[in-house]
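Using the numbering used here, read the sequence shown as starting at 62 and increasing by one per residue.
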Amino acid sequence: MSGGRPWMAMVREIGDSFVALLRAEFEALVGDLANSGRSLLRILVLAGFAAGVIFWSLGLLLYLGVELLSLVLPRWGAVASLLGLLLLVALLLALAMRRRWAAIEPPAATVRRRLADNRRWWHERVEGMPGAEGDPAPPEIEEELP
């Protein structure tokens, strides 16, 4: 029995090493995710500022369009013309978004499809093997070679 103690100690040491490895990997993963989270936050703040600038620039561009159109149309006509143009663009964007939205596969359907494909592949792989249950072995060809 004295020979069993060093073996148990080695198994325990391997287990402790594995736990330490998992802990180190988890800490590295948490550190990487924290860095990624900070980077993502910075990018989102920058994107928010960019969206604000784009929003106000679009407003100024519309104001410029109204002022330019008011040279040839009454002010109310210029505003109505640009409003109609913006509503037309919004309608086209909504139709494009609806078409793309319909093309997105729901996550549950994706999981079902992938599981069904995986199950089909395993059935073909296992059932298609010679000697599998219910599948006779391929016939042996007995020919004489010249």
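Just so it is clear, CB atoms sit at the ideal spot from N, CA and C, and this is done for glycine as well.
Name the two residues that bound the continuous alpha helix (DSSP H) containing residue i.
| i | result |
| --- | --- |
| VAL172 | 168-188 |
| LEU134 | First-last for LEU134: undefined, no H or E at that position. |
Excluding the 5 residues preceding and the 5 following residue i in the sequence, name in chain order all residues of the same chain whose CB lies nearer than 7 Å to its CB.
| i | result |
| --- | --- |
| LEU154 | none |
| GLY109 | none |
From this set, the options, which residue's C-alpha is nearest residue i's C-alpha?
| i | options | result |
| --- | --- | --- |
| ALA139 | ILE75, LEU130 and VAL80 | LEU130 |
Leaving aside the five residues before and after residue i along the sequence, list all residues of the same chain whose C-beta is less than 8 Å from its C-beta, in chain order.
| i | result |
| --- | --- |
| LEU123 | LEU143 and LEU147 |
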